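**Q** Sharing a structure below in structure tokens format, with a few things to ask.
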Amino acid sequence: MSATLISDIKTTFKDKFNAEPLLIFSPGRINIIGEHTDYNDGFVFPAAIDKGIAAAIQKSDNAVCVAHAVNMDETIEFSLDALKPSKEGSWENYVLGVVAELQNRNKTVGNFNIAFVGDIPSGAGMSSSAALENSVVYGLNELFDLGLTKEEMIFISQKAEHNYVGVNCGIMDQYASMFGIEDHALLLDCRSIEAKPYKIDFENHELMLINTNVKHSLSDSAYNDRRSACENISSLLNVKALRDATKADLETIKDQVSPENYQKALYVIEENERAENASKAMEAGDINLLGELIYSSHNGLSKQYKVSCEELDFLVDQAKESNYVTGARMMGGGFGGCTINLIEKGKAAAFETKVSKAYKEKFNKDCSVYSVKLSDGTKVVN
Ligand code: GLA
């Protein structure tokens, strides 16, 4: 968590609203493995990171609420009794959506001012959206004594994304951002919403992110389409979610689904197994197995689930060519954003040099490399 980010947002808030704010830091996340399994009630393996959203928030006596996004240098005013979604793709919907979901649950919030700033590039697949939603719900819960549990808060954040942003996301991002534990990744069962923390201190390896710096359009509709395809197959199989299906079950309906959707469901069943196997590999300290599972995850995301893109595939191929990268895959929803790499300690600089050059030559644009620190979840930082 960046101390400068927090002190900057405090100053911005005081300058703009002339009041002492409550300060919240809400982190983004990485995900080691278990992609597109969350909305199938399966397993994911995320961790909160030291990058995210710093928000300053306080009650207001004015007739409207004001929200200021520092990164965009945009300010909006809105009335609590006339909430409606703003234009598609705007940051405003994350804020408005959370307030609307609180109202849907008959939680009374009064007028407030909020300013926020983030250090996660949007579209990086590191959940700046969940971080923002969580910062808003957490701040409002504190300010207006709403008595919400953290679990209730993450479902409010998720619903905001469904109803105001239009992405029918699972619960991974909001969970990881809210419940993160320093130095740990969380093996989360997305059905029971119970997680087992794993201390991440590989003997000879570390995690490294590489951002393609692209986000292809239509990713939201592609995401929702995949979720529907999974749900349709679950109904055909007469199970609650694909988490309950085996590969043998899937065979029984193979002729009733398109080959593309068969592959997608197969991917989900296999990825769910991989996430559980990854936790076992970690327990056994088997870094090579963990790496293989991560590479297989990418293969499935790219070839079966079809949520990768040329830039992500290129970065993973670069990793495969470098024998010191034990595993690499695209991370998050896909169609751009980052790869996560499990790399031997001491090799990050060499890999960065190699990949940056190759990526620039191939796509005539830069990729960005981040090292991350696994961190605590959403909290007050005054
Ligand atoms: C996005 C969604 C998550 C999850 C991932 C894919 O980040 O918000 O709920 O589905 O994609 O694993």
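Offset between the sequence shown (1-based) and my numbering: plus 4. Just so it is clear, CB atoms sit at the ideal spot from N, CA and C, and this is done for glycine as well. In this text the structure is predicted, and so the values were computed from the model without any measurement.
(1) List the endpoints of the continuous beta strand (DSSP E) containing Arg-333.
(2) Which same chain residues, not among the five before or five after His-188, have their C-beta less than 7 angstroms away from its C-beta?
(3) So, helix, strand or coil for Lys-324, using DSSP?
(4) Could you tell me whether the Cβ atoms of Ile-37 and Ile-298 are closer together than 9 angstroms?
(5) By a C-beta neighbour count over all protein chains shown, 10 Å radius and 16 as the cutoff for buried, is Ala-58 buried or exposed?
(6) Under the criterion of a Cβ to heavy atom distance below 8 angstroms, does Asp-177 qualify as lining the ligand GLA?
(7) Counting C-beta neighbours from all protein chains within 10 Å, is the total for Met-286 16 or more, i.e. buried, or is it exposed?
(8) Say whether the stretch 365 to 373 touches the stretch 210 to 222, bearing in mind that this needs 3 or more beta-carbon pairs closer than 8 angstroms, one atom from each stretch.
(9) Could you tell me which whole beta strand (DSSP E) segments of length 3 or greater appear in the stretch 222 to 307?
(10) Taking only three categories from DSSP, how would you classify Leu-136?
(11) Would you kindly report the start and end of the unbroken beta strand (DSSP E) that includes Phe-116?
(12) When DSSP labels each residue in this structure, what does Lys-55 get in the three-state scheme?
(13) Looking at C-alpha atoms only, which residue of Glu-235, Leu-26 and Phe-367 is the closest neighbour of Val-385?
(14) Does the stretch 30 to 45 come close enough to the stretch 129 to 136 that 3 or more CB-CB pairs lie under 8 angstroms?
(15) Do Tyr-179 and Gly-337 have their C-beta atoms closer together than 9 angstroms?
(16) What does a CB cutoff of less than 7 angstroms around Ser-90 pick up in its chain, not counting 5 residues either side in sequence?
(17) What's the C-alpha gap between Ala-323 and Asp-177?
(18) Quick one: what's Lys-413 bridged to in DSSP?
(19) Would Asp-253 pass as an interface residue toward chain C - the criterion being a Cβ-Cβ separation below 9 angstroms?
(20) Please tell me whether Thr-343 and Ala-135 are closer than 9 angstroms, where the distance is taken between their beta carbons.
(21) Any chance the CB of His-40 is under 8 angstroms from a heavy atom of the ligand GLA?
(22) If we ignore side chains and look at the alpha-carbon of each, how far apart do Lys-351 and His-302 end up?
(23) Measuring CA to CA, which of Glu-78, Val-70 and Glu-137 is closest to Ser-30?
(24) Roughly how many angstroms lie between the CA atoms of Ile-53 and Gly-184, to the nearest whole one?
(25) With hydrogens ignored, establish whether the beta-carbon of Asn-35 is closer than 8 angstroms to any heavy atom of the ligand GLA.
(26) Could you pull the start and end residues of the alpha helix (DSSP H) that Ser-379 belongs to?
(27) Sort Asp-290, Val-74, Ile-160 and Val-68 by Cα distance to Asn-117 and report the nearest one.
(28) Just curious, the alpha helix (DSSP H) that Gly-1 is in, first and last residue?
(29) Quick one: Cα of Gly-114 to Cα of Ile-61, how far?
**A** Concretely, from the data shown:
(1) Segment 329 to 334, the beta strand (DSSP E) holding Arg-333.
(2) The beta carbon of His-188 is closer than 7 angstroms to those of Ala-51, Pro-201, Tyr-202, Lys-203, Ile-204 and Leu-378 in its chain, skipping five residues each way along the sequence.
(3) Of the three classes helix, strand and coil, the one that applies to Lys-324 here is helix, per DSSP.
(4) Yes; because the gap between Cβ atoms is below 9 angstroms, this pair is in contact.
(5) Residue burial annotation: Ala-58 is buried, with at least 16 other C-beta atoms found within 10 angstroms of its C-beta.
(6) Under cutoff, so the answer is yes.
(7) Its Cβ being crowded by 16 or more others within 10 Å, Met-286 is buried.
(8) With three or more CB-CB distances shorter than 8 angstroms, the stretch 365 to 373 counts as touching the stretch 210 to 222.
(9) Secondary structure in the stretch 222 to 307: no beta strand (DSSP E) run of 3 residues or longer lies completely within the stretch.
(10) Three-state DSSP puts Leu-136 in a helix.
(11) Unbroken beta strand (DSSP E) run through Phe-116: 116 to 122.
(12) Look at Lys-55 here: in three-state DSSP terms it is strand.
(13) Among Glu-235, Leu-26 and Phe-367, the Cα nearest to that of Val-385 is on Leu-26.
(14) Below 8 angstroms, enough C-beta pairs join the stretch 129 to 136 and the stretch 30 to 45 to call them touching: three or more.
(15) Contact: no.
(16) Once the five neighbours on either side are set aside, the close Cβ partners of Ser-90 are Glu-96, Asn-97 and Leu-100.
(17) For Ala-323 and Asp-177, the gap between their C-alpha atoms comes out near 25 angstroms.
(18) Any property of residue 413 remains undetermined from this structure, which presents the chain solely from 5 to 386.
(19) No chain C appears in this structure, which consists of one protein chain only.
(20) No, these two residues do not count as a Cβ contact at 9 angstroms.
(21) Yes - the ligand GLA has a heavy atom lying nearer than 8 angstroms to the Cβ of His-40.
(22) Between Lys-351 and His-302, the alpha-carbon positions lie close to 21 angstroms from each other.
(23) It is Glu-137 whose Cα lies nearest to the Cα of Ser-30.
(24) Going by the C-alpha atoms only, they are around 8 angstroms apart.
(25) It does: the Cβ of Asn-35 is within 8 angstroms (strictly closer) of some heavy atom of the ligand GLA.
(26) Per DSSP, Ser-379 lies in no alpha helix (DSSP H) and is assigned neither H nor E.
(27) Ranking Asp-290, Val-74, Ile-160 and Val-68 by CA distance to the CA of Asn-117 puts Val-68 first.
(28) Residue 1 is absent from the structure shown; the chain starts at 5 and stops at 386.
(29) Distance from the CA atom of Gly-114 to the CA atom of Ile-61, rounded to whole angstroms, is 12 angstroms.
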